[in-house]
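Chains as they are written, first to last, in my numbering: chain A, 31 to 640; chain B, -13 to 239. Built from N, CA and C at the ideal position, the CB exists for glycine as well.
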Amino acid sequence: MKSWKISGSPHKGQAAGGATGGIAARSSSADGNFDAMSKQQAAAISGPRKQHSALQGYSPLRYMPPSRSASNDSNALLKQSRRSSHSNNRPTGGANAGHSASTTSFTTDGSGKYFQDLDEDWSAVIDDYNMPIPVYLNGGSAGTADSLSRASTHSYPQLPNLTGTGSGSRGTPGPAVVPETRTPTEIAQERDVQELNSMMARITKFNALLSSKHILNVKELRQLSWNGIPKPNRPKVWKLLIGYLPANTKRHESFLQRKRKEYRDGITHTFDEQNHQRDIPTWHQIEIDLPRTNPSIPLYQFKSVQHSLQKILYLWAIRHPASGYVQGINDLVTPFYQIFLTEYLPASQIDEVANRDPAMYMSEEQTVQLEADTFWCLTKLLEQITDNYIHGQPGILKQVKNLSQLVKRIDADLYDHFTNEHVEFIQFAFRWMNCLLMREFEMDVVIRMWDTYLAETSQDSSVGGATTGASAGADLSAPTTPAQRTVSTFQTPPSKIRTEATVGASPSSPLSVRSFSATTAVTKTTASGAGSDDASGTRQSSSLNEFHVFVCAAFLIKWSDQLCGMDFQEIITFLQNPPTKDWRESDIEMLLSEAYIWQSLYKDATSHWL
Amino acid sequence: MNNPVTSIKLVLLGEVAVGKSSIVLRFVSNDFAENKEPTIGAAFLTQRVNINEHTIKFEIWDTAGQERFASLAPMYYRNAQAALVVYDVTKPQSFIKARHWVKELHEQASKDIIIALVGNKIDMLDEDPTERKVAREEGEKLAQEENLLFFETSAKTGANVNEVFLKIGENVPLKQAADGSNNGSGLNVRRDNGWIWQTRLIQPRKPLTVAAESLVVLITKVHISFPERFRTEYGGVAAWAVNLCKTVSWNQP
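1. Can at least three beta-carbon pairs, one atom from the region 22 to 32 of chain B and one from the region 1 to 8 of chain B, be found at a separation below 8 Å?
2. For the putative contact between A:Leu240 and A:Glu250, defined by C-beta atoms under 8 Å, what is the C-beta separation to the nearest angstrom?
3. Applying a beta-carbon distance threshold of less than 7 Å, which residues of chain A neighbour B:Pro24?
4. Comparing C-alpha positions only, which one of B:Phe30, B:Arg85, B:Val88, B:Lys142 sits nearest to B:Asn16?
5. Rounded to a whole number of angstroms, what is the C-alpha to C-alpha distance between A:Ala402 and A:Gln396?
6. Any chance you could list the alpha helix (DSSP H) runs of at least 4 consecutive residues sitting entirely within the region 101 to 162 of chain B, in chain order?
7. For chain A, check one thing: does any of its Cβ atoms lie closer than 8 Å to the Cβ of B:Ala163?
8. Counting only the same chain and skipping the five closest in sequence on each side, list residues whose C-beta sits under 8 Å from that of A:Met390.
9. Label A:Ser153 either buried or exposed according to how many other C-beta atoms from any shown protein chain fall within 10 Å of its C-beta, with 16 as the threshold for buried.
10. Within a Cβ cutoff of 7 Å, which residues of the same chain sit near A:Ala584, ignoring the five residues on either side of it in sequence?
11. In chain B, which residues lie less than 8 Å from A:Cys465 when you measure between Cβ atoms?
12. By the 10 Å Cβ neighbour count, where 16 or more other Cβ atoms means buried, how is A:Lys280 classified, buried or exposed?
13. How should B:Gln130 be labelled, buried or exposed, when 16 other C-beta atoms within 10 angstroms of its C-beta is the threshold for buried?
14. Could you give the C-beta distance for A:Gly265 and A:Ile369, rounded to a whole number, given that I count them as a contact under 8 Å?
15. Distance cutoff 8 Å, beta carbons only. Does B:Gly180 sit that close to anything in chain A?
16. If we define contact as Cβ-Cβ less than 8 Å, is B:Arg85 a contact residue for chain D?
17. Which residues bound the alpha helix (DSSP H) around A:Arg294?
18. Short of 8 Å Cβ to Cβ, which residues in the region 29 to 45 of chain B face chain A?
19. Using a 10 Å radius around the Cβ and a threshold of 16 neighbouring Cβ atoms, would you call A:His299 buried or exposed?
20. Quick check: what's the CA-CA separation for A:Gly296 versus A:Thr409?
21. Beta-carbon of A:Ile595 versus every beta-carbon of chain B: anything under 8 Å?
22. Is the beta carbon of B:Glu138 sitting closer than 8 Å to the one on B:Gly155?
23. With the cut-off set at 8 Å, would you say B:Gln52 and B:Val2 are in Cβ contact?
24. How should B:Ala102 be labelled, buried or exposed, when 16 other C-beta atoms within 10 angstroms of its C-beta is the threshold for buried?
25. Cα separation between B:Ser(-7) and A:Phe598?
26. I'd like the span of the beta strand (DSSP E) that includes A:Thr610, first residue to last.
27. Under 7 Å Cβ to Cβ from A:Ile426, same chain only, skipping five residues before and after it: list those, please.
28. Which value, in whole angstroms, describes the spacing of the CA atoms of A:Ile587 and A:Cys594?
29. Should A:Asp387 be listed as close to the ligand GDP, given that the test is whether its C-beta is under 7 Å from any heavy atom?
30. Whole-angstrom Cβ separation of B:Val10 and B:Tyr63, contact assumed at under 8 Å?
31. So if I threshold CB-CB distances at 8 Å, which residues from the region 393 to 425 of chain A count as touching chain B?
32. Can you find a CB in chain B that lies within less than 8 Å of the CB of A:Pro351?
33. Measure from the C-beta of B:Ala50 to each C-beta in chain A and report whether the shortest distance is under 8 Å.
34. Taking the alpha-carbon positions, what's the A:Ile245 to A:Glu283 distance?
35. Less than 8 Å between the beta carbons of A:Gln606 and B:Phe30, yes or no?
36. Starting from the beta carbon of A:Thr603, find every residue of chain B whose beta carbon is closer than 8 Å, and list them in chain order.
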C-alpha cells in the first residue's frame, strides 16, 4: 500500500479545494465529468518525462516517504492560485524548474490521517489499487479537479513501477521500493545506455517484423510505430501503414511493379499532348507553388525535385476533380517524397537527404519508382481527408469547430479569453487543418509526427490483415449514452495500461526492468492505447481529421498561460509564429501523448457537440 | 501626451501569387523574400504609421489568393475600413480577378470602405518593358470608374509600397467606433483641413444615448459644411450614425 501514499494525497487536496471556493467555482463552470479531467491532469499524466529530467537522480521506482518533506501546511499550498499551478504542471520545455518545485511541495502530506481517508472513500472504487485510477475516477467531481491534478503529478511517476513490474509482482508494490544508492552521474550514464539499448531493441523489433516471410503483422507494426519508426525502416513502414503496400510480403514485388506501371501510364497519358488537353491553370498554379514549398530546405530548390513533385501533384489534381489542386497539398506531399527518397541513399547518408540533389544519385527508372510511391501514398493520405479540399472545405470548417468545442471543455479560461478578445478559431486554426500543422513545425518533427499519425489513423488495405477497426465503424458499432460513455471512458485507460504491461514487457525484457525510465513508461502508455485492443477486442482507430483535432487542441493549450495574457493582436501573431523552431522529437512525442489522452477521454463525446 | 492612435482594419485581396504577402512584408518589415510560402487562410500583421501628428495603426489581414480559399474572404473584409486589391501588372488574368474583387467589395463590404487598386511587380518591367500586360491606363480607368485609389508598386524594390498605406491612412474617415476592437471608450481626434473632429469611441453593444445624439449632430454639421465631399469621404460616419439611430433604442431627453 505504500505507493498509495502519494496517489492518495489528492484526497487531502480535495477537501482543501472544496474549502477554497474560488477554485471550486471556476472548475465547475463547465459541464459534467469530462471537465474534471482538466488540462493539468492530462499534462500531469504525460508529464513524468519532463519531471524525470528535472529531478536529477530521481528514479520512478523510488519511493519518497512523506516524512521527508518539511511542511505540514498542505492547505496553504493548495490555495496557490490556479494559474501558477498550471504553469508548474504543464509539460512545457521551460517548466522543469517549476516541476521540481511543485513536486517537492506536494509530497508534504506527512500525516497518516490520509490513509483513513483513502480507506473510507476510495476503497469502494479501487478495484486494482496498482493503477492510478483515482485520477480518472474522481475526475467526476468538478470541484476537485484542481487539487487532484496536482496530486496526479505525483501519482503518475509511479507508473513505471507498475508497468515495469507488470510481469511478476504487480500485486505487491512493496518490492519496487528500493533505496537509491547510485550517484546522479551513474544514473545519467545508465539512462544513456538504456536509451541506446531500447533504440537497438526497437530496430531489432522492426526488422524482425518486417522480415516476415508471409503476412506482416501490421497491427503490431502500428503499435510499434506509434512511438516512432527507425529511420532505415521508415519508407517501408509508412507504405505499409498507409495501406499502400499489402501485408502479404510475397505480393510486394508484383504489387509495386503494377502500381509503378500504373503511375507511368498515367503520366504518359496525361502529358501526351495529342490525347490530353492539359489543365493549364492547375499546371501553372502548381508550378508557381513549388519553388515556394519548404523554401528553407535545399532539397526543394532543386529543379529535378520540383519537376517530380509537379508531375505528382498535377496527376493527383486532374484525377480528383472534386477538389483539384489546393494549396497545402504541396506541403503534404513532401514528407512522403523526402522519406521515400532515403531508400535510394546509402544508410550512412540518410541524414543528408535534405541537402543532396536526387538527380545526382538516381537513375531515371528510380525516379519514376519514387514518384509512383509518393503519388500513391499521397493519394491514400488525401483519401482520408477529401472533405478538407473540396468546395467550401467543409472538412476543415468542421475540424475548426470541433477544436473550439474541445478547447471550451478542456480549457475554459483560454476559450473565454479568446471570446473576450474576439479571436476566432478559424483565424489561426484554418492553416493547422489545411496543412496538418506542417507549417508549424520543422520537417524532422513533422516526419516524427507522421509516424504516429499513420500508425494511429490509416486504414489497412491488407487482406487478412490484423486490424479490424474502421474509423467510421468504430463510432457506429458502439452507440452509448453519454452517461455510459463516461463510465467506460474513465475505466478504459487503466485496463489498456494493464494490457500493455504484459505485452510491453517482451520488447523491453533485455533491459533491466527496474531501471525503466519514466520516459519509456509514458510512451508505452500512450502506445498501448493506440495499438492494443480495447475490451471488445477491436482496434479503435481514429480518423485522421479526428485525431488531428486533438493534436491541435494539445498544441494550442500548451501555450495557454502565455495566450491568456495577450490581446487579440498578440494572440494571432503568436499563433502564426509559434516558438517551435527548437522543438525536438521528444517535444512532439509529448504533444502526441497529450492528444492521445484527450482523445481517449473525449473522442465519443465530440459527436454530441455539433 | 502621445499622439492619438487610430486603428485601421485593412484587408488584402487578389489573385494568387500577385504579391499580396510580399507587399505586406515590405510595409511591415521592409523586407522581401523571393520564395514566400503560399498563404493559407489568412495572415495577420500590424504596422504603425504617423500621419499628421496622428498615429495610425494598420491591422492587416493578408488573405490567401487561391480560389478555393475565397469563401473565407468575407470574414476578413466584412469589418475592414480599407482594402488593397492587388494584381500583377504582368498577368492580365490577375487584373480580371481584381475587377471581381472590387465588385464584390462594393456589394458586400461596408459602404464606406476605402479601396486601393494596386498593380504590383513593376520591377519586372525594368528588365523587360514588354513584360507589362496590364497598361497603367487600364488600372487608372478602373480606379476612376469605381472611385478607388490607384498605385503601381514593387514589393521587391519597395517602390510606392509605403505610399499606398499612407494614402489610405489619410483617406480613412473618422474612427468608426462600431467596429473598433478597442475596449472601452476614448477620445479620438482627427485633424483635417483645419477642422478638428471629435467623437467618442463607443462600445457598440452598450446602450448609447447622449453620445449617439451628439454624434448625429456632429454629422449633420459636417454634412452642411461639405455636402459634395460628404458622400465619399465622410459617408461612412454618416451611415454609421444613421444605422445607430435605427438600431439603438434610446430615449429622447
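By the coordinates alone:
1. yes
2. Actually they do not touch by this definition, with Cβ atoms about 11 Å apart.
3. Asp319, Arg322, Gln357
4. B:Lys142
5. 10 Å
6. 109 to 113, 122 to 132, 147 to 157
7. Here the model assigns B:Ala163 a pLDDT of 38, short of 50, so the residue's position is not dependable, and the following value carries that caveat. It does not; no Cβ of chain A falls within 8 Å.
8. none
9. Note that A:Ser153 has pLDDT 39, beneath the 50 cutoff, so the model's placement of it is unreliable and the number below is only indicative. Exposed is the call here.
10. Leu621, Glu624, Ala625, Trp628
11. Ile26
12. exposed
13. exposed
14. Residue identity check: residue 265 of chain A is Pro in the sequence provided, not Gly. Between A:Ile369 and A:Pro265 the Cβ distance is about 5 Å, and since that is below 8 Å, they are a contact.
15. Any reading at B:Gly180 must be qualified, since the residue scores a pLDDT of 33, below 50, and its modelled position is unreliable; the value itself is stated next. Not closer than 8 Å to any Cβ of chain A, the Cβ of B:Gly180 fails to qualify, so no.
16. This model lacks chain D altogether; the protein chains it does include are A and B.
17. 282 to 300
18. Ala29, Phe30, Leu31, Thr32, Glu45
19. exposed
20. 14 Å
21. Sequence inspection shows Gly at residue 595 of chain A; the Ile mentioned does not correspond to that position. For A:Gly595, the answer is no, since every Cβ of chain B falls outside 8 Å of its Cβ.
22. no
23. yes
24. buried
25. 13 Å
26. Unbroken run through A:Thr610: none, as it is neither H nor E.
27. Asn418, Phe460, Met463, Asn464
28. 10 Å
29. In the structure shown, the ligand GDP is absent, as is every other ligand, since no ligand is present at all.
30. Actually they do not touch by this definition, with Cβ atoms about 15 Å apart.
31. Tyr419, His421, Gly422, Gln423
32. no
33. yes
34. 14 Å
35. yes
36. Phe30, Leu31, Thr32
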